[in-house]
């Protein structure tokens with residue numbers, strides 16, 4: 001993927017970086033409780049690598065979970081048929097627990113020693129093969145972090161007396177994981193980034209995502225689910241991530257553009273960027289209204305491809321100085 005991109009006032013040449021993507025499929029169970037077979041491997045998983053492909057990952061935070069749209073090209077027909085049997089919107093409905101993980105190489109990779117980082121974990125909602133271009137069969141996949149959990153029953157939970165919101169969230173997730181311990185669900189860890197709220201005699205029922213969102217509303221915090229981790233942070237508060245710098249030296253492409261919420265920043269792929277992370281913009285004084293700390297992330301998109309010369313390898317974010325609840329930030 002050789003190209004030279006004008007980044008701010010500096011040209012960054014990345015002609016010799018061979019970027020790669022790979023995809024891991026993990027079988028779960030269908031509505032009848034029968035195993036969905038992806039492969040004959042012991043862990044019922046299948047790794048796809050060395051295929052021409054592209055993926056877009058979009059994040060908006062809270063109850064709007066991360067979504068990925070994936071296209072894998074030139075797949076053998078027999079393999080395309082296997083992949084096309086999973087997903088929610090096909091004849092085997094409720095196979096929502098068939099999971100996909102997306103991995104991308106970092107810029108520290110070499111052709112001989114690729115360094116991989118996981119950038120998405122989710123359940124397959126739609127998966128189908130486009131057979132019209134045979135023998136070049138393309139498979140298209142739509143996946144969502146914990147997709148389908150709004151349809152899966154979850155046990156109710158209650159606590160007596162005063163309890164930390166963090167403990168309530170952990171309790172909700174632990175009960176869900178025990179109920180579905182034999183299927184991948186895309187959620188393994190809770191990380192509290194400064195939520196100290198307590199709740200009195202909390203009691204929650206309904207699907208998992210409803211319980212999480214109701215608890216967040218009651219305790220006035222926000223959350224995001226990325227890479228199997230639920231991050232919880234105070235509404236309108238300072239998320240405990242160090243600001244990530246966007247500048248000509250770090251891969252920012254051109255200059256930030258105006259949006260109705262604040263600014264839009266386009267950069268070379270930022271795999272370490274987390275949802276709700278603050279960013280610091282430095283245009284070397286060329287665009288002063290954009291320089292400084294931007295507190296609130298409105299949206300984040302990764303647009304990646306591999307084995308496609310000139311294909312995208314970008315991250316685009318929208319940032320604001322005021323959150324959706326009206327608390328003011330410290331940036332600009």
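Residue numbers (the UniProt record's numbering): 1 to 332. Virtual Cβ for every residue (Gly too), placed ideally from N, Cα, C.
| Item | Value |
| --- | --- |
| Residue 179: first and last residue of the uninterrupted alpha helix (DSSP H) it sits in | 165-179 |
| Candidates 120, 137, 224, 243: closest to residue 192 by CA position | 224 |
| Distance CB(residue 74)-CB(residue 51) smaller than 8 Å | yes |
| Delimiting residues of the alpha helix (DSSP H) encompassing residue 48 | First-last for residue 48: 45-49, but that is the beta strand (DSSP E), not the alpha helix (DSSP H). |
| For residue 244, the three-state DSSP class (helix, strand or coil) | strand |
| Boundaries of the alpha helix (DSSP H) in which residue 402 is found, first to last residue | Here the chain covers residues 1 to 332 and nothing more, so residue 402 does not appear. |
| Alpha carbon of residue 279 to alpha carbon of residue 289, nearest angstrom | 14 Å |
| Burial state of residue 53, where buried means 16 or more other Cβ atoms lie within 10 Å | buried |
| Start and end residues, alpha helix (DSSP H) containing residue 249 | Neither: residue 249 is in no alpha helix (DSSP H) and is coded neither H nor E. |
| Classification of residue 274 by the beta-carbon crowding that lies within 10 angstroms, buried from 16 upward | buried |
| Burial state of residue 77 (16 or more Cβ within 10 Å) | exposed |
| Straight-line gap, residue 328 to residue 321 (C-alpha atoms, nearest Å) | Note that residue 328 scores 30 on pLDDT, short of 50, meaning its location in the model is unreliable; the coordinates nonetheless yield the value given after this. Their backbone Cα atoms lie some 6 Å apart in a straight line. |
| Coarse secondary structure for residue 278, derived from DSSP in three states | coil |
| Through-space distance from residue 148 to residue 167, alpha-carbon basis | 24 Å |
| Alpha-carbon spacing of residue 152 relative to residue 125, whole angstroms | 14 Å |
| Per-residue burial, residue 139 [other beta carbons within 10 Å of its own, 16 or more giving buried] | buried |
| Supposed contact pair residue 101 and residue 120 - C-beta distance, whole angstroms, cut 8 Å | 7 Å |
| Contacts around residue 245, its chain only, beta-carbon distance under 7 Å, and the 5 residues preceding and following it disregarded | 280, 282 |
| Test item: CB-CB of residue 220 and residue 235 under 8 Å | yes |
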